[in-house]
Each structure stands twice: as structure tokens, then as C-alpha cells.
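Chains A and B supply the protein sequences, listed in that same order.
So the first sequence is numbered by the numbering used here: it starts at 1 and just counts up by one.
So the second sequence is numbered by the numbering used here: it starts at 655 and just counts up by one.
Cβ coordinates follow ideal geometry from the N, Cα and C atoms, glycine included.
Written below as C-alpha cells is the structure these notes are about.
Number of protein chains: 2
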Amino acid sequence: MQNRRIKPIKIRNIKFENGFWSDKLELLLTKMIPFQWKVLNDEIEDAPSSHAVENFRIAAGEKKGEFKGRVFQDSDVAKWLEALSYSLEIKSSTELEAIADELIDLIAQAQKPDGYINTYFSIAEPKNKWKNLRDNHELYCAGHLIEAAVAYYEATKKDKFLKIMIRFVDHIDNLFGPEAEKKQGYPGHEEIELALLKLYRITNEKKHINLANYFLNQRGKAPNYFIEEMKERGSENTYLQKNKAKHGLKYSQSHQPILKQEKAVGHAVRAMYLYTAIADMANQNNDQKLKETSIKLWNDVIETKLYITGGIGSSFFDGEAITINYDLPNDRAYTETCAAVGLILWAYKMFLLHQDSQYNDVIEKTLYNGLLSGVSLSGTEYFYVNPLEVWPEAVENRGDLTHVKPVRQKWFETACCPTNLARLLGSIGKYIYSQTEKEVFVNQYTASKAQFNFNNSTFTITQRTNYPWEEKIILEIEGDAQEEFEILLRIPAWCEDANLKINGQAFDLNEIIENGYARINRKWYQDQVELVLKMTIKKIFANPNLRENIGKVALQRGPIIYALEEIDNGKNLSSIFLDGSIELKVEHQSDLLEGVTIITGEAYKINNINWDHKLYRFEKIQFEKVNIKAVPYYSWNNRGKGEMLVWINQILSI
Amino acid sequence: MQNRRIKPIKIRNIKFENGFWSDKLELLLTKMIPFQWKVLNDEIEDAPSSHAVENFRIAAGEKKGEFKGRVFQDSDVAKWLEALSYSLEIKSSTELEAIADELIDLIAQAQKPDGYINTYFSIAEPKNKWKNLRDNHELYCAGHLIEAAVAYYEATKKDKFLKIMIRFVDHIDNLFGPEAEKKQGYPGHEEIELALLKLYRITNEKKHINLANYFLNQRGKAPNYFIEEMKERGSENTYLQKNKAKHGLKYSQSHQPILKQEKAVGHAVRAMYLYTAIADMANQNNDQKLKETSIKLWNDVIETKLYITGGIGSSFFDGEAITINYDLPNDRAYTETCAAVGLILWAYKMFLLHQDSQYNDVIEKTLYNGLLSGVSLSGTEYFYVNPLEVWPEAVENRGDLTHVKPVRQKWFETACCPTNLARLLGSIGKYIYSQTEKEVFVNQYTASKAQFNFNNSTFTITQRTNYPWEEKIILEIEGDAQEEFEILLRIPAWCEDANLKINGQAFDLNEIIENGYARINRKWYQDQVELVLKMTIKKIFANPNLRENIGKVALQRGPIIYALEEIDNGKNLSSIFLDGSIELKVEHQSDLLEGVTIITGEAYKINNINWDHKLYRFEKIQFEKVNIKAVPYYSWNNRGKGEMLVWINQILSI
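Okay, structure coming up:
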């Protein structure tokens, strides 16, 4: 009983063509997925060892050896398999499918007779299964494997993997629940909740949603499971105890029952996955209280804790965590790529729940900025942390900036981000449109062709656009019969001037906007909609409570956030000041960074005259005119190491 | 063979009267010294335990018990004894002298038959003496005890303590040196070098200066002693190894022989103590190479690594350390009170070496700002870290700011700062004047009366002034006979307009300024010098390479750096903008913060209009006029917890 029967278009029903995202999907298919498979098999010499596939070989009995990697190493394999599954929907590949089948066979072999799957515990600590839910990620890995199995089933209709995971879920279901003989636990890192909801939509098995519900509602109840469990282990002094003590249960959002949670707290990725499940469950069960909780949490993040790039999490030292209101430093940001993935997942569930454009605005913002910054244009180098300001010398010399890397990395010891980014990219098809029986929501604009069914008719909507670089979007609608339905066009919040024509005739948008969508109700058959989303250069001002950005502006055009780079603007980007009275210009450079629209213009830079080695002086600083060039934030650091800056100083007038 | 027979006036020969520093010395004598003695004896209930005196009682065999505290806990007792010694020169006290004598008896009893003194090793690890010079502070504690013994001898002429320490130094001298059978080591935390130089000036024993010289020149030679020593211990994985690995030997300035050191590096207090000894030895031996080294290190600090408060050290996570050029963040500053003490010690030796006013400028800056901020107006609460910007909510919630405290503390587990501040304050008399056979340098201005001898005549110089609040300084010179000598008046770098009158007659300062001093050569007898150092409100601009302060100014009047506090200016001090076209005013408030001159005026503050819960918007920010009030930085946080800000945003004009 979802609130409204709204659903995405299936990934296979949308084709991306000659545009921004088709290029990125090409990168995913030809570079990211093959490269990541090599890393997972330890075939990239100069990348940190993964051992993730090897762990499965050892657990399956195919090889002898020791487990290596993190306790959650299995999840890298799962996320890669999920990405691969989406890629098969985008473009079939017998070669890749064969690799997947072989890997699934290996997972089957690694499964214990009771259904259990986890290579760390199977190989290294078989006696310690389920004894430390707080830290040990067994349920988290299970969740990612479930998501992969669902994706692979949807892509191939082969159900072997799905059955493997259903057996594992049965095992988990036998272990956890309200019954006295079961453990009353829940995962230290949320993930399985949202995965079980996905599984339920395939199996329609009540026990699958019930288990998700149990995990959600058990969370944070007194006495706290993680504390009880710790006492039982006789261990009062584990890693988390020592290092995260200050934040304790908030780190895993287990400080309160979820219905009492109103502020986003703790480890950012954990938080995003929990909030995704909350929104999804609220929708699935049409649960008013969960709905209210999800709105409170959303507003808290949007109003006080979100970077303009869609980045979430502002502190490494508090556990890759969300901190207090308006605490959004640019150089010390955590803004993990995985948190950007999680924010998109959550925003999407919020959209399904509320059908308001603001959620897809956040998805757009995150896709084009804080998510995409996580990968190089080559597809083979990644950021884990996506700061909004980098001074490489400080990053390389300050112990409080060790989490920030000045250049993207081939891989990581904790390598959650690259495969997470790959699976999100692979699933991008589902974020473009949503459909109900009478409505098509156009959520994202990108060159593509998608199929819809209304009653017994099939419709194709072709988007012709060079978005996000150009402002005109043409939608060609072709039905095999005439049908009445509504097309809803998202008018992004960044756009203050949008124009609409239908079959050449102008429409007043103001009359038809509802919840951020221009709602066009008519009989469709063979029609053309032209939407122009005027893209001027916008200067973003931050709420003055966000102290870090006072006196600064960020540049945005369309959904793209811009950054200054040292390679274009010289050293010391902080000494550049924009002047509100000087108009900046837009230019598309097809040979730069694989084709980007840049922003150029005059600005002022503090000069070095009369400093004479002095560190301080009474004499006023002096400015000189300079030409600046800003590139899309996501594309930074593809031309070598150097400074980068998003929030630029601005000469302010009273 | 010092470069020039320049020496301070003895502490007992200067009396502070009705002025800024006489008030601070009153605080030292009546509050700080008694309070600290109570803490060292664990008699302050709500302060962290010290156990420092108790450790001596146990080591002396007076009591049974375990050692408690840090491995360098003895140094707190030593520094307190040194402070006490100075206080006896300022104002004799049979009661305090009796306490000191008793404590010295205890130290004598705690001394081992071979001369060794260190309560940690005597009580807890007698077998591990001298096995880990890098971390274990035995030579550091010895250094502080030597300084205390010298100070007590100078104050009382009693030599018991001095003899105790000479015995200990003999023991150390037998253990360390170039001879094959000796250890070729040196201290992990410098301190004994400068102490041995002090001792040498009392004993005139060559071996005392030779040992200092040995420690200095052995430092950083290959193979590195700390690495060899670590191998010998069979310990490759100690605290420093694990935590300070990135910075390794730089942490203790043992990465290079001292003559190759050109950049200030590592733990800031260690660095300051080393550089003090280098400058002192350069002067003592008239050593040109050491002199060059000291100038390179000084320039490096002054040009790239010094906060305007005289604070040194900008990173906690790199070992309370100095980092790279221009890396001087305000909120994450380390700026340990002990480093400010160390900078004053160093600057003073640099002045003796070069007789340039810049060194006393730095002493003045540090005394009035980054040193004095370390203690509350009550004398019983202390800062270890002296940041230039505090947002208490961030400090209390961000793991990268745990070293910053939003309010002063009664005591610390590592309690180096309070006693260090006390001994520096106690010795302030020596920073006011220096003398050669033919010159009196007036280095600092403060209401006081000092005695000098020239040939067979005695002169008194009385400073009548309300400095640093008022700009006029009258020096009354009274000799018992007429003598020709030079009086050199420091013209502070902050002062761009100074006027001089001698016996009512104006003098052109420009003609007589040399190395920052106005040099007045005449026959003195009964004369009056009037110096007016015009104190306008100055706005300090930072070198643009200091990114953190771009777009900001700091306020200075006379030697005092100002700060905004929340209690006077409301929340969110970063949203306040000064406007260069609005004149600020000066007002002395005798009832505020025990009497301070404040700066007031109009400024602009970003208002909260039209934000409507938004975190970002395209609409420009709006300002409203506000009245601001700035107080001396050193006096902040004496009226409860709240925000504080030194570098204030400023509306810039091109």
C-alpha cells in the first residue's frame, strides 16, 4: 500500500544517448567496471591490495589462505556485482555475465550449510559470528549481497543468487527477532533494512519486510543492544569504545528509537542508509509517524548540514560524521563519496513519499557535483573524501587533514567508495523518470529515450538536450495511440526563469506549477514539449550561521557548482576576490576536461607588493585585476595536483 | 667572551609600581604561587591531581606509595620553585622561603647516592634510567631543576640546592660525552642546554658549558641517537614511533645537526628551548656559525610561523607542532602557553646577541597577548592552548578541536603551562632594561623604578606611565653624580609616530634611531625624558599567503591585540564586518576586566532577514549597522563561556 503507485521506469527501458550521462555510462562500462574487477582480483599492481575475490575463493574452499582486508571486504564484491547487474541492463554482455555467474557460484560455495555468508568470519573467526553487531558488519555485508542479488535477478531473471540470499535471509530471520530465544539485535552499520525492502518487492514475502521493520524499530531501544552485547563479550575496551566514546551510540544512530530521532547524527553513510530505509518503510506501510520522522530528519540535513555539492559529513575525527548545525568547513570536510550515494538513495525515497521537486533537486545537485567528483575522468581513480577547498601543502603536512587526499587514488584499504559510485552510476536510469497510472514525472534532464506504458499504449519520450551545458530541452512524445495523462516537468530550484512551449505554443508556467513540477495534463500522441531552463551564472550565498563561508560566494550555472583550480588561476586561490559589479562569462570548451562549460571573467587578486618578507603589516592590502577561470567542481584534479576552491571571496558592498 | 657585555638589570634592582605589571606581579605573589603550591600538593579538590610533591616525598623515602603523573611531573615542582625564587627577589617572604627550603631538603633526600634525581625512575622504573632519552624527559627535568637552583641561589645566596644540582650535573657529565665509554645522547626535549649555560654563569666551570655544547652539537648527528637507542631497547613501536612517525625526528629537532637547521620544525616548545640555547651559546662563544643559524631560524619563524599574539605552533595532531609556512589557522591553533614562554626566552637571547629592537618587540607582543592569555584575571585558571578564534559549540563537538578548551582550566594532566607562566612572570624584571658599561637599553615600558651603576655612581630610572593604556612615558633619571652614558629607548615597530623631549626640549627622533632604538648620549644627572608613543587604533593585515586571514583585519592599539567576545557583540562574531571608512574609538574602562582600554565603534553585521530556514540562497546577504566592542585579547574569557574572535572580517574596497 504505497502512498501512490509511483515507480521508476526500469533501467532497461531508458537509453542514454549522446549526452552527459551517456558519456558517464560509457565510462562505467568500459573503464570503471573492468578496472574495479581487476582491483578486486589484485591485478592492479600499484593499487592497495583488495583480496576481496580471493577471500571468497578461500571461504569457498577453492584455495588455501588467510582472510585479508576489512571485516566488510565482502561488500566490495557485492557492490561491484550490483553495478555489473545494472550494466547488463544498459548493455548486455555475455562475457561480463559469465564472470558474474562464476562469482555467484563462488558465493554459493562460500555459503555455509545454515545459509551464512561472510568470508571474514568463515575464514578467520568462525566462533565469533554475530557477537559484535556494532562493529562487525555481518548484516551490512548481507544487505549489500541482497541488493546485488536483486539487481542481478532483475537484469538477468536468473534466480540462483537470489535464492542464495533468501536462504541467508532465512538464517538471519531465525536468529533475530522479538522472540525470547532470538537475538534482539540490529546492524551497527545500517544497510540490510533497505535491502530487505528491495527483496520484499521481488518476493512479496511478508517475513522479509517484517525483518526490515524489526531491525528498524528495535534500533535504539533500551537497554541498548550494543552495550549489552559488549558486556556479554566481556569487552569494555574495543576500538569504538576507545575512539568513538565521545559520540557513543550516536555514531550508529542507536542512541534513540528511530521515531524519536529528529536530528541527523553520527557516521554519515550509516545515517543516510538508515534514513533511506525509514523513508522507504514509511512509504511502503503508509506510516504517518515514520513519515514525520523522515521529514524532520530531511529538513535538519537540508537546513543545517548539507554542502552545496551534496556532500554530507563534516568531521573525520568524530567517526566520518555529521556534526552540529552549520558546521561545514570546506578544507576539513569529510563528504565521503558513499555519503553522496546514500543521500541520493534517501532523496529518491523521499521523492517517492512526497512527490516534491526538492528531493530531485538534491539528487541533481549531488549527481553533478559531490558524487561525480569521486571519480576521475579516466574512471580509474577515486576520491573517498570530497572537500570544497584543498591546499595540497597543508593536506600533506597537517595531521588533522590526513583524511583529505590532494589527488584521486587508485584504490583504498577501506574501499567502499569506488564500487558504491559504480553501482549508483549504473542505476542512474531510474532517477530520470517516475510513473504512476496517470502521470510521468520528468525528474532529471538528459539526452535519452524512454518507454512508458499507459493503459494498452506504449509511449516513447525522447529528450533532446545538451543539458547540463545548455538550457533547452526538447521532449518528443510518441505514442502508438492517443492517451490522456500528465507529464510533470521538474523546474529546478536554481532556475528562476523557465519557459515552456508545447507543439510550438507558449504556456505560462506559473499557472501549472505544483510542488516544483510544471504539470501538463492533456491527451498525448505525437507531441513536442520545449522547456528552456535559463542558465545564468548564479552566486550562492551561505546562511551567515555557516561561519566558514561568510564573505564568500560559490558559482553555479544550471546544476553545476564551479571551482577554481591552481592550474588555471595560479597559487593562493583564497586571495582572489570576485566583484559583484563585474559580469562573468560562460564559454563551452569542448576540448577541456572532456567538454565542459567554464566561467571566466575579471576579478581581483591581492598582490604581493610591499610585503618584503613581512607576515603582518598595517598598510592596506592592494589588489590587482586578474582573469579567472572556473571549471565544474566534479572535474577538478584531472590535470595534476594543485589547489582547489569552491567558496570564493567576494568584494562586498553595504 | 660575550659579543658585548650586555646584561639585564637584576630582578631585585627593579621595582614595579602602580602599573600594569605591578598588578600582574601582585597576582603572581598573592594568587598564582599559593594556588599552584596547593595544586602541586593535591589540595585543590576540583583540579586534576598533580601528585608532583607527593612523588618527591615517596622518592625521598618519607612516604610509601606509587609514582603518579607524567614522566616529567618533577618539572612542575622545579618551575614552581623557580617562580618562587623570583618572587622572593620581588618581595621577601620568610614563610615562602621556609617552604622552599623544606622542598629543597626533600629534593636532597630524593637524590640518589650517584647524584641522580628523577622521581619517576627512582620510584617506578629504576632499571630503565637513561634508556629512552627521546621520550623520557630525564634531562629535561634536570634542566628545570638546574634553572630553579640557579634562581634560588640568586634570590637567597643559599647554595644547598645549587650544590645538589651540581652533583647531578656531574653525574650527567660522567654519563654523556664524546668518550667511547659514554652515551652519545642528548635530550628528547631540549631544556638542559639553556639551563647549563645559566649554571655556567654562576659556577664558571668549563665542564658546565662544555656539556651544554656537547648536547647542542651532538643533536641530529648521524647515526641518529634516538633511532640507535630505540633499536637497543628492542622497541620499534613506542608511542612516538606510532603517533609521530610522519614527523619522526623533526618532532625533537634531531633530524639534522643544528648548524644545518634553517627552518623551525617540530614540537614548538622543544624548538623554542633549543633555539634559546643556540642563541645563548652563539653569544657566549661569539660563534659566527651558530649566530647565522639563529638568525635563519628566527627569520623563518617571524616571517612565516608566528601568530600576531606571539603564539607559536599551529597543529596539535603533528605533535603540538610548528607546521609549514603560513599555516596559521585561528581556531585550530596550538599556540601553547609554554611556547609563548619559550619564544620570550629565545627573543631575549636574540636581543642580547644582536641588540635590535625587533626582538624586544616580539617579547612585548608575546607578554601582553599570547602569554598573558594563558591565565585568568583570578590567577587560578589557565589555558594550555591559546587560539585566536573560538566557537564553543564546535570546540565541544569536533574531534579535531579537542585540544582547544572554551574556558580556562584549574589544572591539567600535563600541567607544564601554569608553572611556566608563573616563572616567566616572576622574571619579568629582567626584560625591562639591559645594560652595558656605557648603555642602558630601555626595552619595555612600565611603571617602575630601577637601579643602575655607572662607574662609581648609582642611577635610578623611574618610569612614570600608564602604559600600555596611555602613550606617555616619563623617565626620571637621578644619579648621585653626573655620568656620561647612553640611554636607548626602544621605539616599538607598531608606533609610527613617537615624540621625545629631554628636560622639556623636543628632539628629532629620526636622527638618533639605530636598530630600532632612540640613542641618547649625554651626561646624565638629574634629568627627565618624556617619550610619547602615539597609540592609534591600527588595523593589521596579514600577508596574503596566510590564507586564513584574507579579507580580515585584527585590531591593535599600542602593544595590545584586541578580540571580540560574544558577551559584548552577540553570537556569530564572524558575521561582523568592519568598514575602513568608519572610525573606531578608544575608551578606558576602569571597572571592566580590572581596567582595560577598549575599542568601540560602528560596524556591519550580516542580518538574518529572508533566510527562512534556508542554508543557501542566490539573494545577496544584507547588512545592518551594529555597535561593536573589542577587548584586549589577553582578557578574553573572564566573563563566562562564549565566542571569541581576533581576525575580524572587513569590507574591502578596491
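Through-space distance from R1173/B to W1166/B, alpha-carbon basis
Rather than Trp, the amino acid found at residue 1166/B in this sequence is Ile. Those two C-alpha atoms are separated by around 5 Å.
Check distances from the C-beta atoms of the stretch 951-970 of chain B to those of chain A and list, in chain order, the residues that come in under 9 Å.
For the stretch 951-970 of chain B, which is checked against every Cβ of chain A, the residues closer than 9 Å are N953, I956, E957, T958, K959, L960, I962, S968, S969, F970.
Does chain A have any CB closer than 9 Å to the CB of F721/B?
Contact with chain A is absent for F721/B, since none of that chain's Cβ atoms lies less than 9 Å from the residue's Cβ.
May I ask which residues mark the beginning and end of the beta strand (DSSP E) holding S85/A?
Element bounds for S85/A: not the beta strand (DSSP E) but the alpha helix (DSSP H), 74-90.
Mind pulling the chain B residues with CB within less than 9 Å of D318/A?
Taking the beta carbon of D318/A as reference, the chain B residues within 9 Å of it are N1051, R1052, G1053, D1054, listed in sequence order.
Rounded to whole angstroms, what is the Cα-Cα separation between L424/A and E393/A?
Roughly 32 Å between the two C-alpha positions.
Comparing the C-beta of T323/A with each C-beta of chain B, is any distance below 9 Å?
At least one CB of chain B lies nearer than 9 Å to the CB of T323/A.
I need the straight-line Cα distance from E413/A to L593/A, nearest angstrom please.
Cα-Cα distance, rounded: 29 Å.
Assign S85/A to one of two classes, buried (16 or more other C-beta atoms within 10 Å of its C-beta) or exposed (fewer than that).
Buried, because 16 or more other Cβ atoms sit within 10 Å of the Cβ of S85/A.
So, for E1237/B: in the same chain, excluding its five sequence neighbours on each side, which residues have a beta-carbon less than 7 Å away from its beta-carbon?
Only G1255 meet the Cβ criterion.
Since K1059/B and V1029/B are thought to touch, with beta carbons under 8 Å apart, how far apart are those beta carbons, to the nearest angstrom?
That pair is no contact at about 13 Å.
Counting along the chain, where does the alpha helix (DSSP H) carrying I753/B start and finish?
It spans 748-764 - the alpha helix (DSSP H) in which I753/B sits, taken as one unbroken run.
So what does DSSP say about M935/B, is it helix, strand or coil?
Helix at M935/B.
Please state the DSSP three-state secondary structure of V404/A.
In the three-state scheme derived from DSSP, where H, G and I count as helix and E and B as strand, V404/A is classed as coil.
Does DSSP put D591/A in a helix, in a strand, or in coil?
D591/A: coil per DSSP, three-state reduction.
Nearest-angstrom beta carbon gap, E1125/B and K1188/B [assumed within contact, 8 Å]
With a Cβ gap of about 6 Å, K1188/B and E1125/B count as contacting.
Could you tell me whether the Cβ atoms of D327/A and S314/A are closer together than 9 Å?
Contact: yes.
Can at least three beta-carbon pairs, one atom from the stretch 522-537 of chain A and one from the stretch 349-365 of chain A, be found at a separation below 8 Å?
The stretch 522-537 of chain A, when compared against the stretch 349-365 of chain A, does not touch it at the 8 Å Cβ threshold.
Neighbouring residues, chain A, relative to G1205/B (Cβ below 7 Å):
Neighbours of G1205/B on chain A, chain order: G551, N649.
Threshold first: 4 residues or longer. Then list the alpha helix (DSSP H) segments lying entirely within the stretch 1029-1097 of chain B, N to C.
Those alpha helix (DSSP H) runs which fall completely within the stretch 1029-1097 of chain B and span 4+ residues are 1046-1051, 1070-1080.
Given that a residue counts as buried once 16 or more other Cβ atoms are within 10 Å of its Cβ, and exposed if not, what is K1279/B?
Exposed, by the Cβ-count rule.
Cα-Cα separation between M1298/B and E792/B, rounded to whole angstroms:
One C-alpha to the other measures close to 38 Å.
If we count the other Cβ atoms within 10 Å of its Cβ and call it buried at 16 or more, is S581/A buried or exposed?
Here S581/A is exposed, its C-beta having fewer than 16 other C-beta atoms within 10 Å.
Please confirm whether I560/A and P632/A have their CB atoms less than 9 Å apart.
Less than 9 Å separates the beta-carbon of I560/A from that of P632/A.
DSSP puts L1232/B in a beta bridge; with which residues?
In DSSP, L1232/B forms a bridge with Q1304/B.
Buried/exposed call for A52/A, threshold 16 Cβ in 10 Å:
With 16 or more Cβ atoms within 10 Å of its Cβ, A52/A is classed as buried.
DSSP on H267/A, reduced to helix/strand/coil?
Three-state result, H267/A: strand.
Anything in the stretch 610-623 of chain A with a Cβ closer than 8 Å to a Cβ of chain B? List those residues in chain order, please.
Among the residues of the stretch 610-623 of chain A, those with a Cβ less than 8 Å away from any Cβ of chain B are W611, H613, K614, L615, Y616, R617, F618, E619, K620, I621, F623, in the order of the chain.
Partner residues on chain A for N1223/B, Cβ-Cβ distance less than 8 Å
Within 8 Å Cβ-Cβ: nothing; N1223/B doesn't reach chain A, min ~14 Å.
Can you name the residues of chain A whose CB is closer than 9 Å to the CB of A1196/B?
From the beta-carbon of A1196/B, the residues of chain A found nearer than 9 Å are L615, Y616, R617, I621.
Since L1031/B contacts S1289/B with CB under 8 Å, what's their CB separation in whole angstroms?
Taking C-beta atoms under 8 Å as the contact rule, L1031/B and S1289/B qualify, at a distance of about 7 Å.
Please report the distance separating the alpha-carbon of Y359/A from that of G996/B.
In this model, Y359/A and G996/B are separated by some 56 Å (Cα to Cα).
Is it buried or exposed, G61/A, if we count other Cβ atoms within 10 angstroms and call 16 or more buried?
Flag for G61/A reads exposed.
Run of the alpha helix (DSSP H) containing K852/B, from where it starts to where it stops
Residues 846-857.
Burial state of R887/B, where buried means 16 or more other Cβ atoms lie within 10 Å
Its Cβ having fewer than 16 others within 10 Å, R887/B is exposed.
Is there a C-beta anywhere in chain A that falls below 9 Å from the one on R924/B?
For R924/B, the answer is no, since every Cβ of chain A falls outside 9 Å of its Cβ.
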